[in-house]
Ligand SMILES: Cc1ncc(COP(=O)(O)O)c(C=O)c1O
Ligand SMILES: Cc1ncc(COP(=O)(O)O)c(C=O)c1O
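Chains as they are written, first to last, in the working numbering: chain Z, 1 to 397; chain B, 1001 to 1397; chain D, 2001 to 2154; chain U, 3001 to 3154.
Right under this line is the structure:
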């Protein structure tokens, strides 16, 4: 591939060269096990604690010990859901998760529902938001945990976490948020948000894959999920990944340092993208368009009368890397649970595209994407047995 | 530290430069998400499958799909223990683990014992081995899973896995082995060993930390432990760590290619070490010395009348990196569960040292270690209130 | 992600026989927009052989490729042979399909069957194709797939 | 791993007052080889003040360092002051101890108490030190520690 226009930063990001530089010593000479007592081990221990302090400072944690390093967003979510629900030996109770969570939250929630817990999936409204009053109505006497993601990975809407956490706390429940898509991209402060736990993933912020963290407020009871040697102060066992921790901390620092300039840049690119796509294609819309609280780098379109994967493959042939909104690549039967949750009709949900921008996206990339998308859509619509009908129905009102 | 004599290869290893070279493309330009459909994603997918095939070939797996990549030995162990015991929705039954397993096996076993399962901890004999007849005696009608480690990480004895697996299978149970310490170091073939599942860790074989794998024989029912997007054919969720997989596969290939030359080299170094230590220090012994089936790179000593950490710190001051046999660094109250399991008296178990050799260990390192150890032990014995008594008791017979 | 074969990609990128035969002898329309796949096949029949065949498909890469190849396979075939094409043959002709996409070849064979039966029924003859699974709302095209489907949520 | 302070490392590497006073006025031996820590303190007393003090310790880095510092702290003290030294004072004097090692400072203060009481009892006087915890087989020195202990099994 000569020139790749990468527009799938919400799926994963390249490792920033500055992050790689921060990792290299731990892939070379600083190879100690952070739990060994000798100099090389103490050096690794200090590196872990240094990374922990920097992450803690970035997210406004009061104690570095509130940051637990994990193998990624998925592990952080599994640990939070199951660990918080079963913390202190609890084996029943009511758990609320939003219906458009990532599967890394939904699946542990389902596990809980099969192991003694009652689970409610709380739907977002068509604006792509979980509303505090809806959460209030879903709360029960025995609600022990509420988990609502911070920024949605498909449609980019940012949830009113502070309000939701207040509702959960008023009802005596813990509050967890999956912040895999928001960390580093918007201001993130655990005290301002009022959360008890939050999940992060390194490879979404130009850090290495296979690394992440879980914020856990001091004093919060949590059963460890990964059990063994008792690393991470007994809350996450397994030999610590020093290169991962150094890379993740550095990645977060760069996000923080560059955010003030990067956010308006990305927002302008995204607006150019949305204008371009909606201006050039008929029967096309932006999901949850009416909502202002959104991530600067994600735009999710419904393009009626085409199927997402087919668009994706044609764009790929032009060197454009993009994702269908459809979360499951397992076949076209199951469209995105996120789009269905916000009320998108099933037949159109198959025609979604998620475009996500990042550090290396340029105006030229956006323009090239729009120029490439138009003929792809036209071609696919021209071979669709339904498009003429859809258009006629639309024109009839 | 000018010159470090690293003798703790069983705790962790440096990343081999050839392994790092294999990882670098995935930390740079080949950054795609292995589940994305476009070229960059397909490239990552191919890299994962390529790594999977190479690992499968090395361990004699019939299908690459029998290799599941994880975040490390700990995750592999947690997944095997809990996933196999609860596979197919099972919620009770009898599980046998050996008493000198790594905590990454013992702790999930304890979790099972609190969640509906009966768990038996089967003791090794003083020779450091789990005997097939002892396992036979421990088997019950309802035994569903037996887990016995391949090579012990503290004393280096290699268990008769084939015989043990046969006993388990004859009783209708699945058999898992933790091979974190043996993979690459001795011949390892899943069919010859007859195991249903096996755990591996990358950072023990000059691969990166935070990566590992689980072998799972085709057709074996296992509940996934990490739940979410359904990666690794739905058996281990979380965005795949391509750099980790490429590094681990390369690390294993190097181990395989060099083993024929490396094993005798390490064995000779270890014999020199054992001779040196036992020859120069009185009231000192090698644990499980009578057993021939052992890892070439681990030697575990009991040095009477001294405490392990004190030795370790003095050796550290001379630039030697070594581990106490004592598994828990959390204080001296709890000596190594491995040494206690093989019948080492508690008062001497505190005085153990585990020396583990590896790719970069030289004869000079061994000699320097022995020369350094002798005065350290003499000094500590001279300030011990007990040593004179121990010696007198010994001389009295 | 699991890969499409080169032949699938070729048929997806350059689908053969796209379009609608204006004065078709038989028309089959199968699938369901709810499921994301809809296919329409039109045929011209001469002496109980498929003389011309065109398709339109809304669907994923595999849906388009299987539609394309089935038109190539069926062209010139007797009606009886055409309705006997199995989903397995379609997949094989394409050099294989990822397990999660096997259901797409059902769509292609069903579309062809529907067009043939439409031709026969219009002429007062007996339909020969048997039940057309993919138009049954209770049909689960995934039921005979390997369970190892691919990942969600990136 | 959690680190020892520089001062702990100094007292571990260069322990002060190591040895046994041959004609000691009081001897305290505390701890238990089963637990891995044994300490012996011998003192010379003059005018109810500690005139000389030496120790022997079998134990970890913290056990040796706390033994060493407690001999420095106690030298010249009245017997009453010496038995009042708390484990917290010992830890503070060393610039802190990792939570998992706090119990070692109990050993040091207990050794001193035992030596003082031995002196007093030998002279027919009343012991003043109170119960000596670390020689009680039921004593769990970890019970008042923070729960965040360190990792096992490398
Ligand atoms: C919102 C959200 N949560 C969790 C995850 C999972 O994180 P990871 O890929 O690090 O396991 C992702 C990304 O895949 C995500 O977007
Ligand atoms: C025998 C054994 N099992 C499991 C583990 C855990 O592996 P990891 O450190 O990759 O989590 C180790 C090493 O720590 C080990 O030696």
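All residues carry an ideal CB built from backbone N, CA and C; glycine is no exception. A quick note: this is a predicted structure, and the numbers were derived from the prediction, not measured.
DSSP on residue i, reduced to helix/strand/coil?
i	result
residue 294 of chain Z	strand
residue 1214 of chain B	strand
residue 1143 of chain B	strand
residue 1240 of chain B	coil
residue 2073 of chain D	helix
residue 209 of chain Z	coil
residue 2054 of chain D	strand
residue 1173 of chain B	coil
residue 3014 of chain U	coil
residue 2126 of chain D	coil
residue 198 of chain Z	strand
residue 3034 of chain U	coil
residue 1183 of chain B	strand
residue 2083 of chain D	helix
residue 284 of chain Z	strand
residue 70 of chain Z	strand
residue 133 of chain Z	helix
residue 3042 of chain U	strand
residue 1334 of chain B	coil
residue 3007 of chain U	helix
residue 40 of chain Z	helix
residue 98 of chain Z	strand
residue 376 of chain Z	helix
Would residue i and residue j qualify as a contact pair, given that the criterion is a beta-carbon distance under 9 Å?
i	j	result
residue 3115 of chain U	residue 3066 of chain U	no
residue 1244 of chain B	residue 1237 of chain B	no
residue 3026 of chain U	residue 3039 of chain U	no
residue 184 of chain Z	residue 23 of chain Z	no
residue 1303 of chain B	residue 1353 of chain B	yes
residue 3094 of chain U	residue 3053 of chain U	no
residue 1146 of chain B	residue 1095 of chain B	yes
residue 307 of chain Z	residue 343 of chain Z	no
residue 1028 of chain B	residue 20 of chain Z	yes
residue 1120 of chain B	residue 1097 of chain B	yes
Quick check: the Cα distance between residue i and residue j, rounded to an integer number of angstroms?
i	j	result
residue 1203 of chain B	residue 1015 of chain B	8 Å
residue 323 of chain Z	residue 2005 of chain D	20 Å
residue 39 of chain Z	residue 1101 of chain B	27 Å
residue 3045 of chain U	residue 3072 of chain U	15 Å
residue 1052 of chain B	residue 140 of chain Z	47 Å
residue 1004 of chain B	residue 1320 of chain B	6 Å
residue 349 of chain Z	residue 339 of chain Z	6 Å
residue 456 of chain Z	residue 1226 of chain B	Outside the displayed span of chain Z (1 to 397) sits residue 456 of chain Z, for which this structure offers no information.
residue 390 of chain Z	residue 2056 of chain D	15 Å
residue 1085 of chain B	residue 1199 of chain B	15 Å
residue 159 of chain Z	residue 254 of chain Z	24 Å
residue 295 of chain Z	residue 188 of chain Z	13 Å
residue 6 of chain Z	residue 48 of chain Z	32 Å
Quick one: does the C-beta of residue i sit closer than 8 Å to a heavy atom of ligand 3?
i	result
residue 149 of chain Z	Only ligand 1 and ligand 2 can be found as ligands here, which leaves ligand 3 out of the picture.
For residue i, write down the residues that DSSP places opposite it in a beta bridge.
i	result
residue 1158 of chain B	B:1151
residue 1275 of chain B	Residue 1275 of chain B pairs with nothing; no bridge assigned.
residue 360 of chain Z	Paired residue(s): none; residue 360 of chain Z is not in a bridge.
residue 3106 of chain U	Its beta-bridge partners do not exist; DSSP assigns none.
residue 1320 of chain B	B:1005
residue 354 of chain Z	Z:300, Z:323
Inter-stretch contact at 8 Å, needing at least 3 Cβ pairs: the region 1209-1224 of chain B / the region 1057-1069 of chain B: yes
Cβ pair count under 8 Å reaching 3, the region 24-43 of chain Z against the region 190-209 of chain Z: no
The region 1068-1076 of chain B / the region 1113-1128 of chain B touching (three or more Cβ pairs under 8 Å): no
Inter-stretch contact (C-beta, 8 Å, three-pair minimum) for the region 360-373 of chain Z and the region 269-281 of chain Z: yes
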